[in-house]
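Read the structure below first, then the notes.
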Amino acid sequence: MRALRLQAWQQEPELVDVPEPTPGPGQVVVKVGASGACHSDLHLMHDFTEGAVPWNPPFTLGHENAGTVHAVGEGVSSVAEGDRVVLYGPWGCGVCSMCTRGFETYCENPAGAPIPGGGGGLGLDGGMADYLLVPHERFCLPLPDGVDMTAGAALTDAGLTPYHAVRRSWSKMTPDATVAVIGVGGLGHMAVQIVKATTAARVVALDVKQEALDLAREHGADEVLVSDEHAAEALRDLTGGRGVDVALDFVGATPTLETARKSTRSTGEATLVGLAGAEVPFSVSSQAYEVSMASTYWGGRHELAELMSLAARGAVTVEHTTYSLDDALQAYHDLADGKVRGRAVIVP
Ligand code: NAD
Ligand code: ZN
Ligand code: ZN
Numbered sequence: 003m004r005a006l007r008l009q010a011w012q013q014e015p016e017l018v019d020v021p022e023p024t025p026g027p028g029q030v031v032v033k034v035g036a037s038g039a040c041h042s043d044l045h046l047m048h049d050f051t052e053g054a055v056p057w058n059p060p061f062t063l064g065h066e067n068a069g070t071v072h073a074v075g076e077g078v079s080s081v082a083e084g085d086r087v088v089l090y091g092p093w094g095c096g097v098c099s100m101c102t103r104g105f106e107t108y109c110e111n112p113a114g115a116p117i118p119g120g121g122g123g124l125g126l127d128g129g130m131a132d133y134l135l136v137p138h139e140r141f142c143l144p145l146p147d148g149v150d151m152t153a154g155a156a157l158t159d160a161g162l163t164p165y166h167a168v169r170r171s172w173s174k175m176t177p178d179a180t181v182a183v184i185g186v187g188g189l190g191h192m193a194v195q196i197v198k199a200t201t202a203a204r205v206v207a208l209d210v211k212q213e214a215l216d217l218a219r220e221h222g223a224d225e226v227l228v229s230d231e232h233a234a235e236a237l238r239d240l241t242g243g244r245g246v247d248v249a250l251d252f253v254g255a256t257p258t259l260e261t262a263r264k265s266t267r268s269t270g271e272a273t274l275v276g277l278a279g280a281e282v283p284f285s286v287s288s289q290a291y292e293v294s295m296a297s298t299y300w301g302g303r304h305e306l307a308e309l310m311s312l313a314a315r316g317a318v319t320v321e322h323t324t325y326s327l328d329d330a331l332q333a334y335h336d337l338a339d340g341k342v343r344g345r346a347v348i349v350p
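Per this note's numbering, the sequence shown starts with residue 3, numbered consecutively.
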């Protein structure tokens, strides 16, 4: 079968021929229906070096996946051949206290996981291939009838990551609150919709591209702003001087995290999601009093189930462009060039 593999750090992946996987006991093989191209893959190809994460290439890319169950191993009982599924991507041990709560992202027993701190497309083979080997049936969640494969795939990361970041700050997103969404790409355009669908807060979206600001408007942003060195001031102006209640940074560069930090009002929350290497000072006076700053990583298995319910009701949709597996490299080039509207999704 075909697979888009990252063969070594600091290089582009290659489309190669590899053997088709077969499921061992408890495992599932999924025929890939769609696999999203995440900006994190660009960081993987270009920024990561040995030692950055507890695993190394070679492996097949693609950590946001949906498909149809193709074969199940001995003892698998919750899914059967032909089932439409989305894949929960962070693969933990399943039994530690974090995994038990659904947060396999924060597994505290990495030695008991299929791979420490990773998953399919992150150390193990991912979904940019014809078939995907899933190490445990619990990673397969039902794909609701009304949601297509491309949207399902994107929801598992471009959807789940902002869903988690929004959900943890729900208590701050009161009807009189303002939420800033910085960076309206794959993750950010979902964040705008998730805040609108799950709270009554006002959303202000920021990006450097006009097309991204238009996309944010189309998906429910109440206000849009150009993301530049004046953005924090502009956010204060939009909120009568008080600042935003929650700022979500889906770029994660120092200037955007500075915007988030400086625009958040006292007792508010500034959340770093993007992986562009931001570093900012933290002291009593570096931001308003009692601002909480957090980084988040992906989301919980229970949260993916909640998000699929939201998608099944049509409350959130994924803007996407599809590419064939043969054109997957082009998808990454377009993503790097900022030419993708919403998410680029590979359909093998
Ligand atoms: P994307 O390329 O689809 O979108 C990025 C958006 O940010 C684009 O619209 C771009 O125009 C905009 N942008 C760039 N510079 C900006 C600036 N200075 N101010 C405002 N907007 C700006 O990327 P994506 O796939 O949505 O991923 C976003 C980031 O989140 C990446 O760094 C990715 O690696 C990271 N990520 C983190 C997690 C996590 O769990 N923490 C999960 C997935 C992705
Ligand atoms: Zn990702
Ligand atoms: Zn665990």
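Glycine residues also receive a C-beta, built at the ideal position from the N, C-alpha and C atoms.
Please read all numbers here as calculations on a predicted model, not as lab measurements.
Since residue i and residue j should fall inside the 8 angstroms C-beta cutoff, what is the C-beta to C-beta distance between them, to a whole number of angstroms?
i      : j      : result
ARG263 : MET295 : 7 angstroms
GLU76  : CYS40  : At roughly 33 angstroms, the Cβ-Cβ gap does not stay under 8 angstroms, so GLU76 and CYS40 are not in contact.
THR298 : ALA167 : 5 angstroms
HIS191 : GLY35  : HIS191 to GLY35, Cβ: 21 angstroms. No contact.
TYR90  : THR163 : With a Cβ gap of about 12 angstroms, TYR90 and THR163 do not count as contacting.
ILE184 : VAL253 : 6 angstroms
THR176 : ALA203 : 7 angstroms
MET3   : VAL20  : 6 angstroms
ASP251 : GLY276 : 6 angstroms
TYR325 : ALA346 : 6 angstroms
VAL88  : GLY188 : Actually they are not in contact, since the Cβ atoms of VAL88 and GLY188 sit about 16 angstroms apart, beyond 8 angstroms.
LEU327 : MET130 : 7 angstroms
ALA2   : PRO146 : What the structure shows of the chain is the stretch from 3 to 350, and residue 2 is not part of that stretch, so it cannot be assessed.
VAL186 : GLY222 : Between GLY222 and VAL186 the Cβ distance is about 11 angstroms, and since that is not below 8 angstroms, they are no contact.
ALA160 : VAL320 : 7 angstroms
GLU281 : THR256 : 6 angstroms
LEU323 : VAL349 : As written in the sequence, residue 323 is Thr, which differs from the Leu given in the question. Incorrect: roughly 11 angstroms between the Cβ atoms, too far for contact.
GLY409 : ALA156 : Since the first and last residues shown for the chain are 3 and 350, residue 409 lies out of range.
ALA5   : VAL18  : 6 angstroms
GLY302 : ARG103 : 7 angstroms
TYR133 : GLU22  : 5 angstroms
VAL360 : ALA272 : This structure leaves residue 360 out entirely; the chain is present only between 3 and 350.
LEU237 : SER265 : 4 angstroms
Can you pull the DSSP bridge partners for residue i?
i      : result
ASP352 : No answer is possible for residue 352: it lies beyond the span of the chain, which begins at 3 and ends at 350.
TYR351 : Residue 351 cannot be examined here, being either before or after the span of the chain that is shown, 3 to 350.
PHE61  : LEU8
ARG86  : THR70
THR266 : VAL246
SER37  : ASN67 and ILE348
PRO15  : DSSP lists no partner for PRO15.
VAL30  : VAL74 and VAL136
PRO1   : Limits of the chain in this structure are 3 at one end and 350 at the other, which puts residue 1 out of reach.
#### Entry: Pocket of ligand 3 defined by Cβ to heavy atom distance under 7 angstroms
GLY94, CYS95, GLY96, VAL97, CYS98, MET100, CYS101, GLU106, CYS109, GLU110, ASN111, GLY114 and ALA115
### Query
For the segment 177 to 185 against the segment 246 to 253, are there 3 or more C-beta pairs whose distance is under 8 angstroms?
The segment 177 to 185 is in contact with the segment 246 to 253.
#### Entry: the segment 301 to 310 contacting the segment 277 to 287, beta-carbon criterion three pairs below 8 angstroms
no
### Message
For the pair the segment 55 to 65 and the segment 121 to 128, tell me if three or more CB-CB distances fall below 8 angstroms.
### Response
The segment 55 to 65 makes contact with the segment 121 to 128, as at least three CB pairs between them are under 8 angstroms.
### Query
Can you list, in chain order, the stretches of the alpha helix (DSSP H) that have 4 or more residues and sit fully within the segment 99 to 145?
With a minimum length of 4 residues, the continuous alpha helix (DSSP H) runs that stay inside the segment 99 to 145 are 99 to 102.
### Message
Which residues neighbour ligand 2 when neighbourhood means a C-beta less than 5 angstroms away from any of its non-hydrogen atoms? List them by chain order.
### Response
CYS40, SER42 and ASP159
### Query
At which residue ranges does the segment 196 to 230 contain complete beta strand (DSSP E) runs of 3 or more residues, listed in the order of the chain?
204 to 209 and 225 to 228
### Task
Take every Cβ of the segment 40 to 57, pair it with every Cβ of the segment 21 to 28, and state whether three or more of those distances are shorter than 8 angstroms.
no
### Query
Does the segment 131 to 145 touch the segment 195 to 209, meaning 3 or more C-beta pairs lie closer than 8 angstroms?
Contact between the segment 195 to 209 and the segment 131 to 145 is absent, because fewer than three Cβ pairs lie under 8 angstroms.
### Query
Considering only residues of the segment 271 to 317, which uninterrupted alpha helix (DSSP H) runs meet the minimum length of 4 residues and lie entirely inside it, listed in chain order?
303 to 314
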